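A.B. asks: Top line first, the protein sequences correspond to chains A, B and C. According to this note's numbering, the residues represented by the first sequence are 3 to 300, in order. According to this note's numbering, the residues represented by the second sequence are 3 to 300, in order. According to this note's numbering, the residues represented by the third sequence are 3 to 300, in order. Ideal Cβ positions, reconstructed from N, Cα and C, are used throughout, including at glycine. If you're wondering where the values come from, they're calculated on a predicted model, not measured in any experiment. This is the structure I have questions about; it appears just below.
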Amino acid sequence: MRATPRPWLPHRKDMKMSIPASTQQIRLEHRSPAYWRVTFDHPPLNIFGPETIPQLGAVIKSLESDASVKVVVFDSAVEGFFLTHYNFLAKLEESTSIPRGPTGLQALPDMLVRLSRAPVVSIASIRGRATGVGSELALASDMRFASREKAILSQWEVGAGLVPGGGPMARLPRLMGRGRALEVLLGADDIGGDLAERYGYVNRSLPDSELDGFVDALATRIASFDKEAIADTKKLVNAASLPSDAEIAPEWDAFLASLHRPATQARIKKLMERGFHKPGEVENRLGYHVGQLGSGLL
Amino acid sequence: MRATPRPWLPHRKDMKMSIPASTQQIRLEHRSPAYWRVTFDHPPLNIFGPETIPQLGAVIKSLESDASVKVVVFDSAVEGFFLTHYNFLAKLEESTSIPRGPTGLQALPDMLVRLSRAPVVSIASIRGRATGVGSELALASDMRFASREKAILSQWEVGAGLVPGGGPMARLPRLMGRGRALEVLLGADDIGGDLAERYGYVNRSLPDSELDGFVDALATRIASFDKEAIADTKKLVNAASLPSDAEIAPEWDAFLASLHRPATQARIKKLMERGFHKPGEVENRLGYHVGQLGSGLL
Amino acid sequence: MRATPRPWLPHRKDMKMSIPASTQQIRLEHRSPAYWRVTFDHPPLNIFGPETIPQLGAVIKSLESDASVKVVVFDSAVEGFFLTHYNFLAKLEESTSIPRGPTGLQALPDMLVRLSRAPVVSIASIRGRATGVGSELALASDMRFASREKAILSQWEVGAGLVPGGGPMARLPRLMGRGRALEVLLGADDIGGDLAERYGYVNRSLPDSELDGFVDALATRIASFDKEAIADTKKLVNAASLPSDAEIAPEWDAFLASLHRPATQARIKKLMERGFHKPGEVENRLGYHVGQLGSGLL
Chain A
3 MRATPRPWLP HRKDMKMSIP ASTQQIRLEH RSPAYWRVTF DHPPLNIFGP
53 ETIPQLGAVI KSLESDASVK VVVFDSAVEG FFLTHYNFLA KLEESTSIPR
103 GPTGLQALPD MLVRLSRAPV VSIASIRGRA TGVGSELALA SDMRFASREK
153 AILSQWEVGA GLVPGGGPMA RLPRLMGRGR ALEVLLGADD IGGDLAERYG
203 YVNRSLPDSE LDGFVDALAT RIASFDKEAI ADTKKLVNAA SLPSDAEIAP
253 EWDAFLASLH RPATQARIKK LMERGFHKPG EVENRLGYHV GQLGSGLL
Chain B
3 MRATPRPWLP HRKDMKMSIP ASTQQIRLEH RSPAYWRVTF DHPPLNIFGP
53 ETIPQLGAVI KSLESDASVK VVVFDSAVEG FFLTHYNFLA KLEESTSIPR
103 GPTGLQALPD MLVRLSRAPV VSIASIRGRA TGVGSELALA SDMRFASREK
153 AILSQWEVGA GLVPGGGPMA RLPRLMGRGR ALEVLLGADD IGGDLAERYG
203 YVNRSLPDSE LDGFVDALAT RIASFDKEAI ADTKKLVNAA SLPSDAEIAP
253 EWDAFLASLH RPATQARIKK LMERGFHKPG EVENRLGYHV GQLGSGLL
Chain C
3 MRATPRPWLP HRKDMKMSIP ASTQQIRLEH RSPAYWRVTF DHPPLNIFGP
53 ETIPQLGAVI KSLESDASVK VVVFDSAVEG FFLTHYNFLA KLEESTSIPR
103 GPTGLQALPD MLVRLSRAPV VSIASIRGRA TGVGSELALA SDMRFASREK
153 AILSQWEVGA GLVPGGGPMA RLPRLMGRGR ALEVLLGADD IGGDLAERYG
203 YVNRSLPDSE LDGFVDALAT RIASFDKEAI ADTKKLVNAA SLPSDAEIAP
253 EWDAFLASLH RPATQARIKK LMERGFHKPG EVENRLGYHV GQLGSGLL
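Okay, structure coming up:
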């Protein structure tokens with residue numbers, strides 16, 4: 003991987019201060035041996051970076067091998083953000099130096115396809131933004147439930163000149179059909195809970211006050227079922243519904259290739275100048291702001 | 003197939019009395035040479051057992067070979083039940099001794115895949131429970147319409163430690179996407195008419211008072227069309243949408259394997275003690291009751 | 003291709019007068035180098051005939067090769083009709099003599115699959131009838147938005163004894179699942195904007211007064227994005243969602259074969275006698291009228 007000029011990083015040291023890198027960003031709670039919760043807790047934005055990868059990797063490995071776990075719920079402890087985009091302030095080498103995973107795919111797509119195949123039911127409980135990696139993790143989960151008022155899903159990448167890298171081109175058309183998938187990916191806009199349900203982006207959107215109770219009841223119910231019946235049934239659904247790894251593989255390569263293009267770098271720089279990676283307007287309304295980047299470039 | 007201990011059958015003779023086995027359970031009516039109705043009429047629960055298989059088989063064979071039939075509607079004469087789960091009181095050998103069908107698949111999946119491919123339009127008109135086999139027959143039909151108030155669809159099997167056997171892992175993700183299919187199959191809960199429509203489990207749910215008129219008008223309309231145009235168009239849709247037999251085949255094997263597991267037998271025994279296979283609360287609210295089985299087993 | 007008796011063409015010269023053949027039926031407007039509009043303007047019905055093919059072909063070729071275009075919107079200038087069925091008054095040889103396209107498919111399906119793969123976002127903005135070819139062009143576009151009050155989508159062909167020829171058997175099940183696709187194709191009825199949204203036939207239906215603003219804002223937004231990111235992302239979605247050409251190819255052959263059948267000719271003749279190809283009741287309510295053809299034939 004050649005080095006990339008990254009014009010949005012003039013004062014690297016200052017920038018890094020806003021994103022503490024090495025703390026534990028993912029909390030794992032065992033509600034019971036059969037029912038686990040994984041909570042993203044990386045304030046202020048739940049940005050996902052290279053340092054998050056081994057933390058998520060440890061969770062995935064446990065889900066694959068633990069004899070008791072039947073269901074895992076992914077949620078967030080950060081107000082306004084379920085899990086958001088990749089960390090564009092981290093050194094690229096920190097990402098590209100992470101070894102490929104057991105599937106042979108690069109680290110992030112490897113973990114997501116393994117989550118999809120794990121003999122455990124995964125449920126994304128989405129409150130706040132699920133943008134970029136956050137959307138991709140939700141799509142790799144078995145089911146998705148969203149807060150009607152507070153969930154925002156998006157694949158924002160094309161708006162910044164990027165190709166998304168974590169599987170959404172393979173997964174979205176299978177969930178919602180080609181037309182709506184292309185709107186999500188090429189429109190690159192924020193999608194609220196109700197539209198997400200109408201499009202099949204999530205199983206259901208629920209009133210925010212009901213989301214936690216609904217997901218907990220479903221997870222508790224599934225945790226009371228037989229692990230072998232769950233795993234054998236899911237395996238047959240996988241055969242009918244999962245994209246092959248060969249279909250997933252090109253996405254991360256296309257993401258990295260797009261990141262190197264000067265046109266993309268110019269867009270990300272403009273987004274950084276507006277406040278990308280900082281709490282506030284740009285992160286809260288990323289769909290709107292990527293729609294403003296092109297004017298000076300046309 | 004080795005013999006299975008079936009701890010829920012202590013008093014076999016008594017149990018059989020509640021399920022008369024050899025009566026005609028399926029009525030075939032020719033509204034016209036082109037428009038047939040198949041009515042499930044096996045009170046009190048429209049349970050589907052080994053003795054139902056040849057009766058349904060005769061219908062499927064006629065649909066494949068009759069020169070005039072263009073459309074068939076499946077409905078029920080039993081209040082509260084469209085068609086429900088397999089008969090767990092019948093001797094297992096009565097099921098496993100039925101020879102494989104022309105496709106090489108075991109008898110039930112053979113009939114369902116042949117229904118899907120028949121050069122005739124099949125419409126499930128769902129009022130009451132379509133549980134297990136009932137859901138699978140509806141999914142193998144070309145279209146499904148449901149009573150908004152009175153239809154309940156479910157794949158309850160995982161809740162009892164079973165893997166469903168009649169095709170739903172192959173068919174549901176193609177209808178509603180992986181996430182909703184996994185919720186139906188791994189949540190194993192009752193799904194009402196409106197949610198069934200939102201999920202794409204049925205084409206539409208209609209007010210109960212409008213269901214019969216709607217389905218009859220659609221069937222009458224299709225019966226007025228040209229049989230060859232119907233058959234040729236359906237054949238091209240089949241190529242784009244049907245799972246291969248190789249994808250269907252493992253489901254019935256997985257169902258039988260799951261039936262033999264002691265953990266599954268314990269769950270079915272508990273369900274029998276609660277009143278499974280008898281008119282009443284358990285059969286009416288099967289989704290709720292399979293959610294109660296795990297507590298003593300955890 | 004053998005000659006076909008065409009009993010609905012007794013007075014060929016008179017009939018042709020109602021459908022002027024050689025005028026420009028498609029207008030191409032460059033709102034900007036990146037944002038194009040293609041407007042069907044072939045009053046009174048926006049019928050699509052052999053003479054339309056090279057006009058649409060020129061547009062497709064430009065979309066494939068132009069270095070600047072990122073998004074194209076298809077709309078209509080004809081009240082009540084987005085784009086409707088094929089011209090059954092044209093000589094069949096005018097259609098069959100058009101050479102196959104670069105994909106090796108016959109002219110119309112060739113253009114539609116190339117539109118699907120073009121490195122440009124295509125959006126159908128549907129007001130009025132999108133029947134037959136109109137529906138097929140919309141389905142080959144990347145996204146579809148419909149007027150809630152004024153859009154009518156339909157694949158009417160089976161109602162006249164025809165097999166649709168431009169891809170809908172391959173495309174509809176992937177968008178809306180097999181059950182709803184079979185209802186659209188074998189019911190052959192008119193589908194309004196709201197049902198089209200519920201079925202996934204269109205991305206969304208919008209109040210008629212909002213449709214133009216919504217589509218224009220989305221197209222303008224996409225036109226501000228990076229062409230390479232759009233094209234690379236779309237290419238990966240194509241791999242996950244497009245039918246192969248081998249799956250599209252048999253549809254046009256089946257359409258031509260069905261057109262030659264005497265039973266089909268009798269239906270089209272009856273439809274012509276009712277006013278097919280003329281402004282008025284039959285063209286406005288084609289779904290109803292194909293439902294009336296069978297009575298005398300049964």
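Could you please tell me which residues of the region 139-158 of chain B, in chain order, have their CB closer than 8 angstroms to any CB of chain A?
C.D. replies: none
A.B. asks: Can you tell me whether C:Lys280 is helix, strand or coil according to DSSP?
C.D. replies: Numbered from 1 along the third sequence, position 278 holds the residue referred to as residue 280 of chain C. It is coil, neither helix nor strand.
A.B. asks: Between A:Ser243 and A:Arg176, how many whole angstroms is the CB-CB distance? I'm expecting something under 8 angstroms.
C.D. replies: The count along the first sequence starts at 1 and reaches residue 243 of chain A at position 241. The count along the first sequence starts at 1 and reaches residue 176 of chain A at position 174. Going by Cβ atoms, the distance from A:Ser243 to A:Arg176 rounds to 6 angstroms, so yes, they are a contact pair.
A.B. asks: Whose C-alpha, out of B:Ile49, B:Pro121, B:Pro46 and B:Ser127, is nearest the C-alpha of B:Asp77?
C.D. replies: Along the second sequence, one-based indexing puts residue 77 of chain B at 75. If we check each option's Cα against that of B:Asp77, B:Ser127 comes out closest.
A.B. asks: For a test of the three-state rule: what should DSSP assign to C:Leu261, helix, strand or coil?
C.D. replies: Mapped onto the third sequence, residue 261 of chain C falls at position 259. Correct three-state label for C:Leu261: helix.
A.B. asks: Would you report the Cα separation of B:Gly289 and C:Leu197, rounded to the nearest angstrom?
C.D. replies: Residue 289 of chain B sits at position 287 when you count from the first residue of the second sequence. Residue 197 of chain C sits at position 195 when you count from the first residue of the third sequence. Whole-angstrom Cα-Cα distance: 30 angstroms.
A.B. asks: Within 8 angstroms, do at least three Cβ pairs link the region 164-173 of chain B to the region 253-267 of chain B?
C.D. replies: Here the region 253-267 of chain B lies against the region 164-173 of chain B, with 3 or more beta-carbon pairs under 8 angstroms apart.
A.B. asks: Of the choices A:Asp214, A:Val186 and A:Ala225, whose alpha-carbon is the least far from that of C:Arg206?
C.D. replies: Residue numbering aside, residue 206 of chain C sits at position 204 when the third sequence is read from its first letter. Measuring from the Cα of C:Arg206, the nearest candidate turns out to be A:Val186.
A.B. asks: Between the region 54-61 of chain C and the region 209-223 of chain C, do at least 3 Cβ pairs fall closer than 8 angstroms?
C.D. replies: With the cut-off at 8 angstroms, the region 54-61 of chain C and the region 209-223 of chain C do not touch.
A.B. asks: In whole angstroms, what separates the C-alpha of A:Ala23 from that of A:Ile154?
C.D. replies: Counted from its first residue, the first sequence places residue 23 of chain A at position 21. Counted from its first residue, the first sequence places residue 154 of chain A at position 152. Its pLDDT being 49, under 50, A:Ala23 is placed unreliably by the model, and the measurement read from it follows with that caveat. Between the C-alpha atoms of A:Ala23 and A:Ile154 there is a straight-line separation of about 25 angstroms.
A.B. asks: Mapping the DSSP letters down to three states, classify C:Thr235 as helix, strand or coil.
C.D. replies: Translated into positions along the third sequence, residue 235 of chain C becomes position 233. Note: C:Thr235 maps to helix in three-state DSSP.
A.B. asks: Give the secondary structure of B:Glu31 by DSSP, where H, G and I count as helix, E and B as strand, and everything else as coil.
C.D. replies: Translated into positions along the second sequence, residue 31 of chain B becomes position 29. Correct three-state label for B:Glu31: strand.
A.B. asks: Got a sec? Which residues, its chain only, sit under 7 angstroms from C:Lys229 by beta carbon, not counting five neighbours each side?
C.D. replies: By one-based count along the third sequence, residue 229 of chain C stands at place 227. Cβ within range, chain order: Lys72.
A.B. asks: Distance cutoff 9 angstroms, beta carbons only. Does C:Met274 sit that close to anything in chain B?
C.D. replies: Numbered from its first residue, the third sequence carries residue 274 of chain C at position 272. No, C:Met274 does not count as interfacial toward chain B.
A.B. asks: Compare the C-beta of A:Leu295 with all C-beta atoms of chain B and state if any pair is closer than 9 angstroms.
C.D. replies: Translated into the one-based positions of the first sequence, residue 295 of chain A becomes position 293. No - not a single Cβ of chain B is within 9 angstroms of the one on A:Leu295.
A.B. asks: Could you name the residues of chain A that C:Thr301 contacts, counting a contact when the two beta carbons are closer than 7 angstroms?
C.D. replies: Residue 301 of chain C is absent from the model: chain C starts at 3 and stops at 300.
A.B. asks: Exposed or buried, what is C:Gln26 when buried is set at 16 or more other beta-carbons lying within 10 Å of its beta-carbon?
C.D. replies: Working through the third sequence from its first residue, we reach residue 26 of chain C at position 24. Its Cβ having fewer than 16 others within 10 Å, C:Gln26 is exposed.
A.B. asks: Going along the chain, which residues of its own chain have a beta-carbon closer than 6 angstroms to the beta-carbon of A:Asp192, five neighbours each way excluded?
C.D. replies: The residue labelled residue 192 of chain A in the question sits at position 190 within the first sequence. Contacts found: Ile154, Ser156 and Gly289.
A.B. asks: Determine, using beta carbons only, whether B:Gly194 comes closer than 9 angstroms to chain C.
C.D. replies: Translated into positions along the second sequence, residue 194 of chain B becomes position 192. Output row for B:Gly194: interface = no.
A.B. asks: Any idea what DSSP makes of A:Phe227, helix, strand or coil?
C.D. replies: Within the first sequence, numbered from 1, the residue matching residue 227 of chain A stands at position 225. Reduced to three states, the DSSP call for A:Phe227 is coil.
A.B. asks: Tell me the residue span of the alpha helix (DSSP H) that contains C:Ile62.
C.D. replies: As a first step, residue 62 of chain C must be located in the third sequence, where it is residue number 60. It spans Thr54 to Ser67 - the alpha helix (DSSP H) in which C:Ile62 sits, taken as one unbroken run.
A.B. asks: Which term fits A:Glu53, buried or exposed, when burial requires 16 or more other beta carbons within 10 angstroms of its beta carbon?
C.D. replies: As a first step, residue 53 of chain A must be located in the first sequence, where it is residue number 51. It counts as buried.
A.B. asks: Who pairs with C:Asp77 in a beta bridge, going by DSSP?
C.D. replies: Numbered from its first residue, the third sequence carries residue 77 of chain C at position 75. In the DSSP output, where bridge partners are listed per residue, C:Asp77 has C:Thr41.
A.B. asks: Please tell me whether A:Val80 and A:Asp43 are closer than 9 angstroms, where the distance is taken between their beta carbons.
C.D. replies: In the first sequence, counting from the first residue as 1, residue 80 of chain A sits at position 78. In the first sequence, counting from the first residue as 1, residue 43 of chain A sits at position 41. Contact annotation: A:Val80 and A:Asp43 have beta-carbon atoms nearer than 9 angstroms.
A.B. asks: Whose Cβ in chain A lies nearer than 9 angstroms to the Cβ of C:Val292?
C.D. replies: Position 290 of the third sequence, counted from the first residue, corresponds to residue 292 of chain C. Per Cβ cutoff of 9 angstroms: no residues; C:Val292 is ~26 angstroms from chain A at best.
A.B. asks: By the 10 Å Cβ neighbour count, where 16 or more other Cβ atoms means buried, how is C:Ser211 classified, buried or exposed?
C.D. replies: Stepping through the third sequence from its first residue, residue 211 of chain C is reached at position 209. Its Cβ having fewer than 16 others within 10 Å, C:Ser211 is exposed.
A.B. asks: Against chain A, with Cβ distances strictly below 9 angstroms, would C:Met19 count as a contact?
C.D. replies: Here the question's residue 19 of chain C lines up with position 17 in the third sequence. Because C:Met19 carries a pLDDT of 39, less than 50, the predicted location of this residue cannot be relied on, and the following value inherits that uncertainty. False, the Cβ-Cβ gap to chain A never drops below 9 angstroms.
A.B. asks: Could you tell me if C:Pro104 is buried or exposed, where buried requires 16 or more neighbouring beta carbons within 10 angstroms of its beta carbon?
C.D. replies: The sequence position of residue 104 of chain C within the third sequence is 102, counting from 1. By the 10 Å Cβ count, C:Pro104 comes out exposed.
A.B. asks: Mind checking A:Pro111: buried by the 16 CB within 10 Å criterion, or exposed?
C.D. replies: As a position in the first sequence, residue 111 of chain A is number 109, starting the count at 1. Under this definition A:Pro111 is a buried residue.
A.B. asks: Taking just the CA atoms, how far does A:Gly168 sit from B:Lys93?
C.D. replies: Translated into the one-based positions of the second sequence, residue 93 of chain B becomes position 91. Translated into the one-based positions of the first sequence, residue 168 of chain A becomes position 166. Rounded to the nearest angstrom, the two C-alpha atoms are 50 angstroms apart.
A.B. asks: Whose C-alpha, out of C:Arg182, C:Ala142 and C:Thr41, is nearest the C-alpha of B:Val239?
C.D. replies: Along the second sequence, read from residue 1 onward, the residue named residue 239 of chain B stands at position 237. Taking only the C-alpha atoms, the option nearest B:Val239 is C:Arg182.
A.B. asks: Could you pull out every residue in the same chain whose Cβ sits closer than 7 angstroms to the Cβ of B:Val217, ignoring the five residues on either side in sequence?
C.D. replies: By one-based count along the second sequence, residue 217 of chain B stands at place 215. Result list for B:Val217: Val75, Ile125, Ser127 and Phe147, in chain order.
A.B. asks: Quick check: the Cα distance between A:Arg33 and A:Arg131, rounded to an integer number of angstroms?
C.D. replies: Here the question's residue 33 of chain A lines up with position 31 in the first sequence. Here the question's residue 131 of chain A lines up with position 129 in the first sequence. Going by the C-alpha atoms only, they are around 25 angstroms apart.
A.B. asks: Terminal residues of the continuous alpha helix (DSSP H) containing A:Gly195?
C.D. replies: As a working mapping, residue 195 of chain A is identified with position 193 in the first sequence. Here the alpha helix (DSSP H) through A:Gly195 covers Gly195 to Tyr201.
A.B. asks: Using a threshold of 8 angstroms, is the CB atom of A:Ala221 nearer than that to any non-hydrogen atom of the ligand SAH?
C.D. replies: With respect to the ligand SAH, the structure offers nothing, as it holds no ligand at all.
A.B. asks: If you reduce the DSSP assignment to three classes, tell me which class B:Lys271 lands in.
C.D. replies: As a first step, residue 271 of chain B must be located in the second sequence, where it is residue number 269. Here B:Lys271 sits in helix by DSSP.
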